[in-house]
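Data block below; observations after.
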Amino acid sequence: MKRVLLAKFNHEVGSFNPQRTYYDDFTIHRGADLLDATRSSNSTLAGNIEILEARPDIELVPTYGAWCNTTGGLVAGPDMERLIGELLAAVEAHAPVDAVCLSLHGAMAGETEIDPEGRVASGIRQIVGDVPIVAAMDLHAVISQRLVDAADALVFLHTYPHTDMRDTGQRAARLLLRQLDGEVKPTTARVSIPLLARGDELITASGRFGEAIRRCQEIEASIGGLAAGVIIGNPFTDVPDLQSNAIVTTDDDPAQAQELALELARFMWENRPYWIPKLTPLEQAVRLAEETEGLTVFSDAADSTASGASGDSNAILKGLLQYNYSKRALIPIVDAPAVEAAYRTGVGGQFTWPLGGTLDSERFAPMELPLYVKSLSDGAFTTEFGYVVPPSRTAILTSGNLTLLVTQEAAPIVGRKVYQSQGHDPADYDLVVCKSPNGFRTHYQAIAARIVAVDVPGSTSANLKTLPYQHCVRPIFPLDDGVVPPFAEAG
Ligand SMILES: [Zn+2]
1 MKRVLLAKFN
11 HEVGSFNPQR
21 TYYDDFTIHR
31 GADLLDATRS
41 SNSTLAGNIE
51 ILEARPDIEL
61 VPTYGAWCNT
71 TGGLVAGPDM
81 ERLIGELLAA
91 VEAHAPVDAV
101 CLSLHGAMAG
111 ETEIDPEGRV
121 ASGIRQIVGD
131 VPIVAAMDLH
141 AVISQRLVDA
151 ADALVFLHTY
161 PHTDMRDTGQ
171 RAARLLLRQL
181 DGEVKPTTAR
191 VSIPLLARGD
201 ELITASGRFG
211 EAIRRCQEIE
221 ASIGGLAAGV
231 IIGNPFTDVP
241 DLQSNAIVTT
251 DDDPAQAQEL
261 ALELARFMWE
271 NRPYWIPKLT
281 PLEQAVRLAE
291 ETEGLTVFSD
301 AADSTASGAS
311 GDSNAILKGL
321 LQYNYSKRAL
331 IPIVDAPAVE
341 AAYRTGVGGQ
351 FTWPLGGTLD
361 SERFAPMELP
371 LYVKSLSDGA
381 FTTEFGYVVP
391 PSRTAILTSG
401 NLTLLVTQEA
411 APIVGRKVYQ
421 SQGHDPADYD
431 LVVCKSPNGF
441 RTHYQAIAAR
451 IVAVDVPGST
461 SANLKTLPYQ
471 HCVRPIFPLD
481 DGVVPPFAEA
491 G
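Going left to right, the sequence shown walks through residues 1 to 491 as the numbering used here numbers them.
Right under this line is the structure:
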């Protein structure tokens, strides 16, 4: 039997979110428990498990998994040390092994550790020695050279909005097995691209970015092409490695890997005007929603709890009131004190409360609203992709034509289940707000009459020039003018 070690370490951080992420915010599973917790989800680890379990000569060695159900701010220093320490101790306790299959997001960062995934991968390499290590990763990963060096191959998502998590885990596990069987010898080239990307053109099914990804898929389908990805980073994880990358792994052909990575990098660079989003001013967005027949979906990407923001923005709420929106709207907001007040008041009661700005108080000033307590719950639900979101007190409050989903903690406001779990189907409303830049489209495309990316403030605004970058690669497009990457000069 060959022993393949499994571990998962996932979080996506928004550096401009003033809140911190703590150890207790992570869901942690150890040993066989890790398999049971993920097997039925659409996750890279589930894909790993499916492929590896199908091989009778492979023994799965599940060790440690730590992940958050939402994104968040930088991980506090001691908490990051504890997580990495526990993960590496679990790996050490199960060594020696014959191979390692890792499940990483890639956009984690801490107050003191700026490259957690690189440290984890290199730490595992030190423990396990010269055995195959393959990691499945998000295409919003931030890539360090330490990470590239520690792994034999990195296998990336090929969809945005993301739907191919399980598939990516399968691709990673298949590649790992080929290397373990001695069929292939992976060699990886990385070309960095000094650009940050946002906007609808990144939608792989319909946007220009899809052309780059289809080229990656062609490379992976070719003889000798083992893995290919274009990794745009999470633009809100402000660390020194933040930029975009093209990464290609071939079977023992470094020149070919380099040439293909360069081709992908040049494509991204030459198409850079496409990666600047078109955002709609709030007043115009409200007018569009007012005149639309059927459901309008507002994307509040600036306060996206799927990209690292705090979720306590009341900017759209204020706009709906200011511009006299008259139809039925469903709006999420993180506001723990308001939830407490709702619990004190009880279902059927009324109270007035300054809503919003409890977490990102520099960006959002609270707004007093009369509120009616429609329902209270523990807020637990399972997402469309099978992720179990643990309990966190939740209130449905109404104010005139507005229905508010008020949560104690940030929740993923991407799909419809978060609302349906509280008895409110977005399909029954005229307007729904999602705290997601594009991921929501998977769940709303079929029922939305109109989708509007609203230009409002927030720590994950697609209007990148509004954000206080301090650490990312500079110069970088679109923050700086006159950027010329080395490969563009050469070409
Ligand atoms: Zn992503």
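Even glycine gets a Cβ: it sits at the ideal position worked out from N, Cα and C.
Source: prediction; values computed, not measured.
Beta-carbon spacing of residue i, residue j below 8 Å
i: Glu53; j: Leu60; result: yes
i: Gly229; j: Ile247; result: yes
i: Leu282; j: Asp430; result: no
i: Ala380; j: Gly311; result: no
i: Gln19; j: Gly77; result: no
i: Thr407; j: Thr394; result: yes
i: Ala462; j: Leu242; result: no
i: Arg3; j: Val97; result: yes
i: Asn69; j: Tyr387; result: yes
i: Leu83; j: Tyr22; result: no
i: Gly319; j: Ala449; result: no
i: Ala265; j: Ile232; result: no
i: Tyr64; j: Ala99; result: no
i: Thr237; j: Ala107; result: yes
i: Cys101; j: Ala37; result: no
i: Ser307; j: Asn234; result: yes
i: His105; j: Asn10; result: yes
i: Pro56; j: Ala32; result: no
i: Asp300; j: Lys435; result: yes
i: Ser375; j: Gly415; result: no
C-alpha gap between residue i and residue j, whole angstroms
i: Leu87; j: Val373; result: 43 Å
i: Phe351; j: Ala342; result: 8 Å
i: Gly480; j: Arg474; result: Residue identity differs from the one stated: residue 480 is Asp in this sequence, not Gly. Near 8 Å, if we compare the C-alpha coordinates of Arg474 and Asp480.
i: Gln170; j: Pro457; result: 39 Å
i: Ala90; j: Pro426; result: 43 Å
i: Phe575; j: His443; result: Residue 575 is absent from the structure shown; the chain starts at 1 and stops at 491.
i: Pro132; j: Asp253; result: 17 Å
i: Glu12; j: Val286; result: 30 Å
i: Glu263; j: Leu397; result: 52 Å
i: Val483; j: Ile476; result: 6 Å
i: Val75; j: Thr466; result: 23 Å
i: Gly491; j: Val239; result: Note that Gly491 scores 47 on pLDDT, short of 50, meaning its location in the model is unreliable; the coordinates nonetheless yield the value given after this. Cα to Cα, the separation comes out at about 28 Å.
i: Ile451; j: Tyr160; result: 16 Å
i: Trp275; j: Ala302; result: 16 Å
i: Leu195; j: Val389; result: 33 Å
i: Thr305; j: Gly439; result: 11 Å
i: Gly85; j: Leu369; result: 46 Å
i: Glu92; j: Gly199; result: 42 Å
i: Ser222; j: Cys216; result: 10 Å
i: Pro391; j: Thr296; result: 29 Å
i: Gly349; j: Leu371; result: 9 Å
i: Leu180; j: Val128; result: 14 Å
i: Gly14; j: Tyr469; result: 11 Å
i: Arg119; j: Met80; result: 11 Å
i: Leu404; j: Phe298; result: 14 Å
i: His545; j: Asn324; result: Given that the chain is displayed from residue 1 to residue 491, the structure contains no residue 545 and the question cannot be resolved.
i: Val148; j: Val432; result: 41 Å
i: Leu34; j: Ala109; result: 23 Å
i: Ser144; j: Ser377; result: 42 Å
i: Asn42; j: Ser421; result: 19 Å
i: Ala257; j: Thr250; result: 6 Å
i: Ala289; j: Pro186; result: 51 Å
i: Asp164; j: Ile51; result: 15 Å
N- and C-terminal bounds of the beta strand (DSSP E) containing residue i
i: Leu464; result: Where Leu464 is concerned, there is no enclosing beta strand (DSSP E), given that its DSSP letter is neither H nor E.
i: Thr403; result: 402 to 407
i: Val66; result: Note on identity: in this sequence residue 66 is Ala, with Val being the wrong assignment. Its beta strand (DSSP E) spans residues 58 to 67.
i: Ala135; result: 133 to 137
i: Ile193; result: 186 to 193
i: Lys8; result: 2 to 10
i: His443; result: Here His443 belongs to no beta strand (DSSP E); instead the alpha helix (DSSP H) covers 441 to 444.
Enclosing alpha helix (DSSP H) for residue i [first to last residue]
i: Met80; result: 77 to 94
i: Trp269; result: 254 to 270
i: Asn544; result: A question about residue 544 goes unanswered here, because the residues of the chain that appear run from 1 up to 491.
i: Asp455; result: Note, Asp455: premise wrong, no alpha helix (DSSP H); beta strand (DSSP E) at 448 to 455.
i: Phe209; result: 209 to 221
i: Met108; result: No alpha helix (DSSP H) holds Met108; DSSP gives it neither H nor E.
i: Leu45; result: 44 to 53
i: Asp251; result: Here Asp251 belongs to no alpha helix (DSSP H); instead the beta strand (DSSP E) covers 244 to 251.
message: I need the residues with a C-beta less than 5 Å from some heavy atom of ligand 1; please give them in chain order.
response: The answer, residue by residue, is Asp138, His140.
message: Quick check: the segment 298 to 317 against the segment 328 to 344, are at least 3 beta-carbon pairs closer than 8 Å?
response: Segments in contact, yes.
message: With a threshold of 8 Å, are at least 3 pairs of Cβ atoms found where one atom belongs to the segment 153 to 166 and the other to the segment 219 to 238?
response: Contact between the segment 153 to 166 and the segment 219 to 238 is established, with three or more Cβ pairs separated by less than 8 Å.
message: Under 8 Å: do the segment 162 to 177 and the segment 122 to 130 share three or more Cβ pairs, one atom per stretch?
response: no
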